[in-house]
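Sequences listed follow chains A and B, in order.
For the record, in the first sequence the residue sitting at position 310 is 310 according to full-length UniProt numbering, with numbers rising by one throughout.
For the record, in the second sequence the residue sitting at position 61 is 61 according to full-length UniProt numbering, with numbers rising by one throughout.
Yeah, the Cβ is synthetic: ideal placement off N, Cα and C, and Gly gets one too.
None of the values given here were measured: they were computed from a predicted structure.
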Amino acid sequence: MPTRRLVIQAGLASIAAPAIVRAQGLSGSITLMSYSGIFQDNYTKTVIEPFQQAFPGIKVNFAPGGTSAQMVGSVRAQKADPQIDVAIMDVTTSSIGNSEGLFEKLTPAEFPVLNELLPEARAAGGEYGPAVTFDHLVLVYDTQNLKPPLATLADLWRPDLKGQLAISAPPNIQGLALTAMVEKMTGGDYRKSIDNAIKKLRELAPSVNTFEPNPDGYSLILNGVVKVATGWNARSQLYADQTGGKIGALLPPEGSVFQINTINLTAGSKNRAAAAAFVNYALSQAAQKAFTERMFYAPTNAQAAIDPKAIARTAAAPDSRARMIGLDWNDVLKVRDQWNNRWRREVIAAAR
Amino acid sequence: MTGTARLKLLVLPAALFVLAVYAWPTLGLFRNAFNETGPTGAMIEAWSLKTSQEVFSDGFTFELTLNSLWLSLSATLIALMLSYPVALFLFRTTSRFRGLLAVIAIMPMLISGVVRVFGWLAILGDRGLVNTLAQSLGLISTPIKLVFNWTGVTIGLAESIMPYMILALLAGFGQLDRTLEEASRSLGASPARTFWRVTLPLSLPALALAAGLGFVLSMSAYITPKLLGGGRVFVLATEIFEQATTNTNWPVASVLAIYTLLLLLLLLVASNIAAKGLQR
């Protein structure tokens, strides 16, 4: 006589059966291109490995792609014979790929997980690949040698910070984000003009040690070259943990700007079904929860039940969210060259 | 098949290799130079001169060219002044360690450019060797800016081209006949006068050759201006990289790359003509 447990197990198995059959039916290998270093390490552990357990027939190869622009360049160069199936990159470059027909449009019919995403995550990619992570610009600082610690964006102009700043200038998107933030700090709106920001940044220029931190601002702080740098929240949080709190990350009270990574399915992928399964999984509640809790990127799946402690360290925390500036990267892309030129001629020139 | 024809066949593998890895991508570069870039950065396939017009009507391209020429000139002159005595010594010495000394002189070529640049950061940085020493000797109270500016890039570039220039000088010292210097000395000229009137004029073809090489290498240098410039040093090579890999603007990068290539060809031809003129 069947026990109750057996009945429940049989019932659950029949519900899960289509998914299992689908999962078992998929096989082969796919290539995911994204950022190298700690992103690759943590994404592999929290998303790729669990995906491969759920889909044992699929092998995901991680191809480190350099910067987002280099990634879209790789996909562009392979347009006739794509070697990359899925790419995770910044929205400013994935939108270029979308316009050039390098990536596929995704429909909720095929990707039901799209319905679970935050509206802004869907909006980021339009009909194409949506946001898979949210991050934001922070001011990274040396917690041991900077007294008093950094508290506001306006603190960058403190006289004791002369020669102690590493600021990524445009065309790096950190520089573009900073421009919008300084414009807001000075009471303006980047959509109308960046005159105030440029004037203020020009005053800051002589304090800047480097406008091109290499390898990055976090390393320059840890090596004692500078005390403050522009950086991204997720990496800063992770480095703060890894270094026992030697670096701190400040979301300035004056506001910050979201950085958005989108997940993109390459048009003409040779293993499309497996690639689509991966995209679905990467946006799922489980993957979003695991990656946010590991690396503090804010989730894009609204239904993911994430540890409140992890959420508090992302821009998804309510008080952080309230400080974010509504910046549309598509608007900024149109004026990027103009902003870049103003930085070169008016800001960096004042620092020579 | 004649002997000469067979000999020509030997060149075929190298020619095919160059065609595949150089000529073909360069053709791609020419093709991209005619494409356009849309308002949000997407590349638009076209056969137009719009990108070239934009690049050459922008005053910044002129500024980049001047910056590249100035940087190359200063780095080449510094490297030439430092390489010449070393090369002359290596050419003249009868020491049994001559081979070893020559290897030491060109050893920097064996180290990755990136590693060498980070070495300079350790030496010239605010808390580097030079500033620490000067501060401990009481010569300065606050660090002098030696990196993340033109000074750092010029020093780093001069050092990076020195091994090539030493090799070029050694190769060009063919006409430097010791007996002529001995004749000058035996006729009563001082060592300094012998150097100015005999050694230096005879070294001119070698100096022209080395300067030409150093200049061309400096014009195309990317790592040193990028890593030691701190975002303040804008030259053609860094701009090409920036346009291609940060702005995704391949058409502009291609136009600038072709422009730089033509500029370098022109400089090489000029340097060869100068070297030949001096040999006569």
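Exposed is the label assigned to residue 7(B), since fewer than 16 other Cβ atoms lie within 10 Å of its Cβ.
Counting along the chain, residue 319(A) sits inside the alpha helix (DSSP H) bounded by residues 318-323.
Judged by DSSP in its simplified three-state form, residue 4(B) adopts helix. Below the 8 Å Cβ cutoff, chain B contributes no neighbours of residue 303(A), its closest Cβ being approximately 32 Å away. Under DSSP, the beta-bridge partners assigned to residue 264(A) are 87(A).
Those residues of the stretch 97-115 of chain A placed with their C-beta closer than 8 Å to a C-beta in chain B are 99 and 100, ordered along the chain. Taking each of 264(B), 260(B), 244(B) and 150(B) in turn and checking the Cα distance to residue 77(A), the smallest one comes out for 244(B). Scanning 151(A), 200(A), 314(A) and 239(A) for the CA closest to the CA of residue 216(A) turns up 239(A).
At the C-beta level, residue 63(A) and residue 135(A) stay beyond 7 Å of one another.
Nearest in C-alpha terms to residue 61(A), of all of 40(A), 69(A) and 248(A), is 40(A). Non-local beta-carbon contacts of residue 313(A) in its own chain, meaning distances under 7 Å to residues more than five positions away in sequence, involve 237 and 296 in chain order.
Annotated three-state conformation of residue 60(B) is helix, per DSSP. If you draw a straight line from the Cα of residue 303(A) to the Cα of residue 285(A), it comes to about 6 Å. When C-alpha distances from residue 272(B) are compared across 185(B), 172(B) and 230(B), the shortest belongs to 172(B). Residue 53(B) has its alpha-carbon roughly 21 Å from the corresponding atom of residue 68(B). For residue 232(A), the uninterrupted beta strand (DSSP E) segment begins and ends at 228-232. Proximity to residue 255(A) across 334(A), 182(A) and 27(A) peaks at 182(A), based on C-alpha coordinates.
As the crow flies, the alpha-carbon of residue 226(B) is around 9 Å from that of residue 232(B). Of all residues in the stretch 69-84 of chain A, only 69, 70, 72, 73 and 76 come within less than 8 Å of chain B when Cβ atoms are compared, listed by chain position. Our two residues, residue 110(A) and residue 14(B), have alpha carbons roughly 51 Å apart in a direct line. Scanning 168(A), 153(A) and 169(A) for the CA closest to the CA of residue 186(A) turns up 153(A).
Here residue 129(B) carries a helix assignment [DSSP, helix/strand/coil].
Rounded to whole angstroms, residue 110(B) and residue 103(B) show a C-alpha spacing of 10 Å.
Proximity of the stretch 160-180 of chain A to the stretch 252-269 of chain A meets the contact definition, three or more beta-carbon pairs being nearer than 8 Å.
Contact of residue 227(B) with chain A is assigned, a C-beta pair being separated by under 7 Å. In the structure shown, the three-state DSSP call for residue 247(A) is strand. Straight through space, the alpha carbons of residue 25(B) and residue 117(A) are spaced by roughly 42 Å.
For the pair residue 150(B) and residue 282(A), the Cα-to-Cα distance works out to about 46 Å. In the three-state scheme derived from DSSP, where H, G and I count as helix and E and B as strand, residue 147(B) is classed as coil. For residue 28(A), the pairing in a beta bridge is given by DSSP as 58(A). Sorting 275(B), 248(B), 87(B) and 261(B) by C-alpha distance to the C-alpha of residue 41(B) places 248(B) at the top. Its chain contains 37, 51, 54, 55 and 243 as the residues whose beta carbon lies nearer than 8 Å to that of residue 252(B), once the 5 sequence neighbours on both sides are disregarded; these appear in chain order.
Taking one beta carbon from each stretch, the stretch 119-130 of chain A and the stretch 195-211 of chain A have fewer than 3 pairs nearer than 8 Å; the two do not touch. Under DSSP, residue 133(A) takes part in a beta bridge, and its partners are 261(A).
Beta bridge pairing from DSSP links residue 256(A) with 324(A). In the three-state reduction of the DSSP assignment, residue 238(B) falls in the helix class.
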